[in-house]
Amino acid sequence: MKRSFLVLFMIILLVTTLTFANVTLVFWHSMSDYQKPALDRLVSEFNATHPNIHVVAIYEGNYDQTVTKLKAAFLSGNTPDVVQLNIEHLRIFTANHQLLDLSKFISEDPSVKSDFINSFWKTVVINGKPYALPFNISCLMLFYNKDLFRKAGLDPNKPPKTWKEMEKIAKKLTIRAPNGRIIQYGLFWGVSGEDTAFYQFEPLIWQNGGRIFNSSMTKCLVDQPPAVGALKTWKSWFKEGISPANMNLQEGIQAFMMGKIAMGPMTSGGIRYALDNLPWDLGVAMLPSHKATVTTLGGGSLAILSNVSPKKQKAAWEFIKWMTNTKNTLYWYENTGYLPVRKSALNSLQIKIIWKRFPQLKPAVEAIPYARPRPVNVDIIEIRHILFNAIEEVRHGIKTPEEAFKDAAQKIDKILKSEETK
Amino acid sequence: MFITPTGLIITVFVFFPLVYAFIMSFHSWNMSSAPMYVGLKNYIMALESVSFWNSMLYTVYYVLGVLPFSLIFGLFFALLLKDNDMRGTSIYRMIYFMPVVTSPIAAAMGFNWIFENQMGIANHLIEKLGGQPVSWLSTPTGILQMLFNHFNVVLPKILQGPSLTMCVIILLGIWQNVGYATVVYLAGLQSISDTYYEAASLDGATNWKKFWHITLPLLSPSTFFLLIMFTIASFQVFGPIQIMTPAGGPLNTTSVIVFYLYRQAFSYYNMGYAMAIAFLLMGLILAITVFQFRFLERRVNYE
Chain A
1 MKRSFLVLFM
11 IILLVTTLTF
21 ANVTLVFWHS
31 MSDYQKPALD
41 RLVSEFNATH
51 PNIHVVAIYE
61 GNYDQTVTKL
71 KAAFLSGNTP
81 DVVQLNIEHL
91 RIFTANHQLL
101 DLSKFISEDP
111 SVKSDFINSF
121 WKTVVINGKP
131 YALPFNISCL
141 MLFYNKDLFR
151 KAGLDPNKPP
161 KTWKEMEKIA
171 KKLTIRAPNG
181 RIIQYGLFWG
191 VSGEDTAFYQ
201 FEPLIWQNGG
211 RIFNSSMTKC
221 LVDQPPAVGA
231 LKTWKSWFKE
241 GISPANMNLQ
251 EGIQAFMMGK
261 IAMGPMTSGG
271 IRYALDNLPW
281 DLGVAMLPSH
291 KATVTTLGGG
301 SLAILSNVSP
311 KKQKAAWEFI
321 KWMTNTKNTL
331 YWYENTGYLP
341 VRKSALNSLQ
351 IKIIWKRFPQ
361 LKPAVEAIPY
371 ARPRPVNVDI
381 IEIRHILFNA
391 IEEVRHGIKT
401 PEEAFKDAAQ
411 KIDKILKSEE
421 TK
Chain B
423 MFITPTGLII
433 TVFVFFPLVY
443 AFIMSFHSWN
453 MSSAPMYVGL
463 KNYIMALESV
473 SFWNSMLYTV
483 YYVLGVLPFS
493 LIFGLFFALL
503 LKDNDMRGTS
513 IYRMIYFMPV
523 VTSPIAAAMG
533 FNWIFENQMG
543 IANHLIEKLG
553 GQPVSWLSTP
563 TGILQMLFNH
573 FNVVLPKILQ
583 GPSLTMCVII
593 LLGIWQNVGY
603 ATVVYLAGLQ
613 SISDTYYEAA
623 SLDGATNWKK
633 FWHITLPLLS
643 PSTFFLLIMF
653 TIASFQVFGP
663 IQIMTPAGGP
673 LNTTSVIVFY
683 LYRQAFSYYN
693 MGYAMAIAFL
703 LMGLILAITV
713 FQFRFLERRV
723 NYE
């Protein structure tokens, strides 16, 4: 009885919202765990302030899963209206004209474009046309355990600035039990799942003065000396025992949270979660540099599908513009750690208040000028898995760094070549 | 007339996708662009691919690991639980059957927790007993190779055996199969008439002889049934692997054929290629099952 009332109530609620709202937008996103409540709050606030638009936000799994589901949705004709896509995945859909070209809206609203941070804006422009608005952009930051720094007699406010410094500090922070077993590691870098491992490894190549692809994305350059050199250095961290060789993704994060690992690169999108949940004092800093100072720019954007009606397009544009406006991007920044995407937000008074409350959020903003977008390609998921396997082979000592990256580059070149003929 | 509803359902949900998949296996298709006819290219690509054959090898490791132990332990427990007069028999039977009804996903998460590097129960016990903790879920070395490491011998890849991580997954497979085998064997045991045993006792047969000459041959229909069921299911293992090693395990050593297929289809969007693999797998399972029927069924004793 109770249940049937509940069902009836839900139906009435749904019907009323559908009839009173002129336009209903289905919005697919990939924000789970701690990010989801913040996103849901934004969406419900949008619904409350826009009586004629109703947005239904649906979680569709992580970025890669969203790509799969969206591809399937296009086949069945059951597509959403707005979708959150990783900036690396935009090309998968623009290649088949499945995303709406936003030029028309941008030309009507020129102030929007000029207010986005330039390097972020570039990630959504494909062949000169914008296909999305940057929404949750993050960069890779060095997370470190200040408590462990203090215990080892190091200054917790002086995180390592260079590879050399980092190796020195990591050695000091690596502690062995009397029986020789390592009970605390200094560093945790790129020892994780295939989605994140290469994400963490990429900046090492750039910092070593190298590149992963040529500028026209027709050739993989990891077999060149800078990339191989970075791989050698990375491998030495395992050899010296400062980075754990025997942990997978979950195990590593577990150990980091338990205070058994002192430093590691993590996405800025997790800063706020870490602050709320870690039992120890968290420090956040720019990644250490070597020949160059670089970090990785990643994250997601909001796109509109090209098959939605003009009326819905307008509402959808209203929605994605609102989600990325100065006030909301600051709210999003404060509650997750994803970077503010607007210039006006960086110069605002509120951001200074946020920094006062959460000083660890500040270094991420300071890293923006050094953040380099990740390489993008239609087959980027497969390519990244190949590169991940290559560094894994080196870590397990199956291949030398030269061999591993030479083989990987060959495989990737083959994929890139097959794209040209498609 | 009466089979129309069923026939319709089978046509729509089984026959049509099957034919569609077969046609797609001759195309190159990324789910977004229009499919392109490529002839046998997908099949050739699969047969030439190192990863494909590696996946096949890992699948064979899994099957060879799971099959014999599931049958042996199943029989062992069935013999223990055969006695109807024993107290609490039904409770024990229920306990042994429990892993079968446990969702493979939940079981895989449980195993993950047991064999976790830092906080897992397995490593905790090893350490309490004074041993070195083992990286169960991130060791790519084959177990046979581990043995031979002591003699500094490097085996050829095919003989290195399943990686330690694969062994954990095999253990999970056995754990889930044993209950099922036990129940099937129990039914088989109960249908063996006592008169055989009485006659054997009069002739002075030992317990071992009774088991070898009466129980085992008369259970052969059950064994044959289990063999076929487990072979087919083991070749298609996927759930536990996706949960325990979402990246395909250390150096892809747990990337069995269905996992490889899933990867190609839903991560890389090489749909046609994935379909080709699916049909190669189907052919293989079909061939093995036909083999089992033609050569093993002769040795089955039907009462």
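For the record, the sequence lines run as chains A and B.
Under the numbering used here, the very last position in the first sequence is 422; numbers go up by exactly one each time.
Under the numbering used here, the very last position in the second sequence is 725; numbers go up by exactly one each time.
Quick reminder that beta carbons are idealized off the backbone N, C-alpha and C, glycines included.
Along chain B, which residues have their Cβ under 9 Å away from the Cβ of residue i?
| i | result |
| --- | --- |
| HIS54 of chain A | Result: empty, since nearest Cβ-Cβ is about 29 Å, beyond 9 Å. |
| ILE381 of chain A | SER689, TYR690 and TYR691 |
| ILE398 of chain A | PRO562 and LEU673 |
| THR174 of chain A | Chain B residues near THR174 of chain A: none, gap ~16 Å exceeds 9 Å. |
Could you tell me if residue i is buried or exposed, where buried requires 16 or more neighbouring beta carbons within 10 angstroms of its beta carbon?
| i | result |
| --- | --- |
| ILE517 of chain B | exposed |
| ALA72 of chain A | exposed |
| ASN277 of chain A | exposed |
| TYR724 of chain B | exposed |
| GLU108 of chain A | exposed |
| PHE547 of chain B | Checking the displayed sequence, the identity of residue 547 of chain B turns out to be Leu instead of Phe. Exposed is the call here. |
| ILE527 of chain B | exposed |
| TYR442 of chain B | exposed |
| ILE432 of chain B | exposed |
| SER455 of chain B | exposed |
| HIS635 of chain B | exposed |
| HIS97 of chain A | exposed |
| MET541 of chain B | exposed |
| LYS171 of chain A | exposed |
| THR94 of chain A | buried |
| GLU620 of chain B | exposed |
Can you give me the C-alpha to C-alpha distance between residue i and residue j, rounded to a whole angstrom?
| i | j | result |
| --- | --- | --- |
| LYS312 of chain A | PRO457 of chain B | 30 Å |
| PRO584 of chain B | ILE565 of chain B | 6 Å |
| VAL722 of chain B | ILE614 of chain B | 15 Å |
| LEU577 of chain B | ILE398 of chain A | 14 Å |
| GLY269 of chain A | ILE710 of chain B | 50 Å |
| PRO134 of chain A | THR66 of chain A | 17 Å |
| ASN246 of chain A | THR675 of chain B | 15 Å |
| GLY186 of chain A | MET263 of chain A | 6 Å |
| MET286 of chain A | VAL522 of chain B | 51 Å |
| ASN62 of chain A | MET31 of chain A | 7 Å |
| THR68 of chain A | TYR459 of chain B | 22 Å |
| VAL308 of chain A | THR267 of chain A | 33 Å |
| LYS439 of chain A | ILE353 of chain A | Beyond the ends of chain A as shown, which are 1 and 422, falls residue 439 of chain A; an answer cannot be given. |
| SER450 of chain B | ILE391 of chain A | 29 Å |
| LEU430 of chain B | PHE437 of chain B | 10 Å |
| PHE657 of chain B | VAL482 of chain B | 8 Å |
| LYS356 of chain A | GLY300 of chain A | 27 Å |
| THR561 of chain B | PRO225 of chain A | 29 Å |
| PHE495 of chain B | VAL600 of chain B | 6 Å |
| ALA698 of chain B | PHE448 of chain B | 8 Å |
| TYR131 of chain A | LEU586 of chain B | 46 Å |
| VAL556 of chain B | THR329 of chain A | 45 Å |
| ARG150 of chain A | TYR273 of chain A | 23 Å |
| ASP81 of chain A | ALA316 of chain A | 7 Å |
| SER236 of chain A | PRO401 of chain A | 11 Å |
List, in order along the chain, the chain B residues whose C-beta lies closer than 7 Å to that of residue i?
| i | result |
| --- | --- |
| ASN248 of chain A | LEU559 and SER560 |
| LEU75 of chain A | MET453 |
| ASN389 of chain A | ASN674 |
| GLN410 of chain A | Ordered by position in chain B, no residue passes the 7 Å Cβ test against GLN410 of chain A, which lies about 13 Å from the chain. |
| GLN254 of chain A | GLN540 and MET541 |
| ASP64 of chain A | SER689 |
| LYS239 of chain A | Residues of chain B passing the Cβ test: none, with the nearest at roughly 16 Å. |
Chain A partners of residue i, CB-CB under 7 Å?
| i | result |
| --- | --- |
| ASN403 of chain B | Residue 403 of chain B lies beyond the residue range present for chain B, which begins at 423 and ends at 725; the question has no answer from this structure. |
Could you name the residues of chain B that residue i contacts, counting a contact when the two beta carbons are closer than 8 Å?
| i | result |
| --- | --- |
| ASN96 of chain A | SER454 and SER455 |
| GLU393 of chain A | LEU673 |
| LYS232 of chain A | Here the premise fails: no neighbours, minimum Cβ distance about 19 Å. |
| THR329 of chain A | Those within 8 Å of THR329 of chain A in chain B number zero; the least Cβ separation is about 31 Å. |
For the structure I just gave you, are there three or more beta carbon pairs, one from the region 632-644 of chain B and one from the region 529-544 of chain B, closer than 8 Å?
no
Closer than 8 Å is the cut-off here; do at least three beta carbon pairs connect the region 369-382 of chain A with the region 165-185 of chain A?
The answer is no - the region 165-185 of chain A does not touch the region 369-382 of chain A, with fewer than three Cβ pairs under 8 Å.
Ranges of the beta strand (DSSP E) found wholly within the region 39-126 of chain A, counting only runs of at least 3:
53-59 and 82-86
Any alpha helix (DSSP H) of 4 or more consecutive residues that is wholly inside the region 119-167 of chain A:
146-151
Decide if the region 332-342 of chain A is in contact with the region 130-149 of chain A; the criterion is three or more beta carbon pairs, one per stretch, under 8 Å apart.
yes
For the region 238-292 of chain A, list the beta strand (DSSP E) runs that are entirely contained and at least 3 residues long, ordered along the chain.
261-267 and 282-285
Go through the region 450-537 of chain B residue by residue and report every complete run of the alpha helix (DSSP H) that reaches 4 residues or more, in order.
463-470, 472-503, 511-523 and 526-536
For the pair the region 51-61 of chain A and the region 21-41 of chain A, tell me if three or more CB-CB distances fall below 8 Å.
yes
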